[in-house]
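Below you'll find the structure, written out as structure tokens, and then a few comments.
In the working numbering, the protein residues as written are 164 to 305.
As structure tokens, this is what we get:
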């Protein structure tokens with residue numbers, strides 16, 4: 164959508180009432196109405212341990228453990244409560260662990276071997292698109 168002026172926006176919102184309301188003080192409230200969407204799906208294999216540590220993920224932080232190949236999957240949803248179903252799908256589709264889940268902002272972080280994390284993220288996105296009718300984004304891999 165192209166940028167529009169304040170006047171054009173008010174005319175669009177108030178249609179026939181615009182002339183009657185012109186010049187009066189108006190109070191506008193913005194409301195976010197989340198749709199059914201997977202808006203971020205990302206799989207990464209960070210080589211720097213500080214990434215895991217700063218996220219407070221328990222990979223690569225215990226002496227003597229070998230976490231070669233460990234990866235992180237990031238997925239973001241609206242509505243936010245969908246993250247609960249996504250975590251269930253992810254756990255059932257691959258050998259991964261839930262690193263973080265926030266039902267108040269729709270964020271899910273999963274961890275595990277690269278192939279397992281990819282499988283889980285792909286299955287979550289597929290399931291939300293095909294089974295639940297969500298609009299989904301492409302999965303980005305780095």
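We put the beta carbon where it would ideally sit given N, CA and C, even for glycine.
Using only alpha-carbon positions, find the residue among 179, 279 and 246 that is nearest to residue 208.
Locating residue 208 in the chain shown gives position 45, where the first residue counts as 1. The residue with the shortest Cα to Cα distance from residue 208 is 279.
Please report the straight-line C-alpha distance between residue 239 and residue 256, rounded to a whole angstrom.
To locate residue 239, count along the chain shown from 1; it is residue 76. To locate residue 256, count along the chain shown from 1; it is residue 93. If you take the alpha carbons of residue 239 and residue 256, they lie about 18 Å apart.
From this set, 282, 291 and 249, which residue's C-alpha is nearest residue 271's C-alpha?
On the chain shown, residue 271 is found 108 positions in, with the first residue counted as 1. Of the listed residues, the one whose Cα sits closest to residue 271 is 249.
May I ask you to report which of helix, strand or coil DSSP gives residue 261?
Stepping through the chain shown from its first residue, residue 261 is reached at position 98. DSSP places residue 261 in strand when its eight states are reduced to three.
Would you call the CB atoms of residue 236 and residue 204 closer than 9 Å?
For the purposes of this step, residue 236 is taken as residue 73 along the chain shown, with counting starting at 1. For the purposes of this step, residue 204 is taken as residue 41 along the chain shown, with counting starting at 1. In this structure, residue 204 lies closer than 9 Å to residue 236 by Cβ.
Starting from the Cα of residue 304, find the closest Cα among 282, 291 and 290 and give me that residue.
As a first step, residue 304 must be located in the chain shown, where it is residue number 141. Minimum Cα distance to residue 304 is reached at 282.
Since residue 300 contacts residue 202 with CB under 8 Å, what's their CB separation in whole angstroms?
Looking up residue 300 in the chain shown gives position 137. Looking up residue 202 in the chain shown gives position 39. Yes, residue 300 and residue 202 are in contact; Cβ-Cβ is about 6 Å, under 8 Å.
Take the Cβ of residue 192 as the centre, count every other Cβ of all protein chains shown within 10 Å, and call the residue buried at 16 or more, exposed below.
Numbered from its first residue, the chain shown carries residue 192 at position 29. Classification of residue 192: exposed, given that the 10 Å Cβ count is below 16.
Determine the DSSP secondary structure at residue 234, reduced to helix, strand or coil.
Position 71 of the chain shown, counted from the first residue, corresponds to residue 234. Residue 234 falls in the strand class under three-state DSSP.
Measure the C-alpha to C-alpha separation of residue 179 and residue 198 and round it to an integer number of angstroms.
Position 16 of the chain shown, counted from the start, is the residue given in the question as residue 179. Position 35 of the chain shown, counted from the start, is the residue given in the question as residue 198. Roughly 29 Å separates the two Cα atoms.
Please classify residue 182 as buried or exposed, where buried requires at least 16 neighbouring CB atoms within 10 angstroms.
One-based indexing of the chain shown puts residue 182 at position 19. When all chains shown are included, residue 182 counts as exposed.
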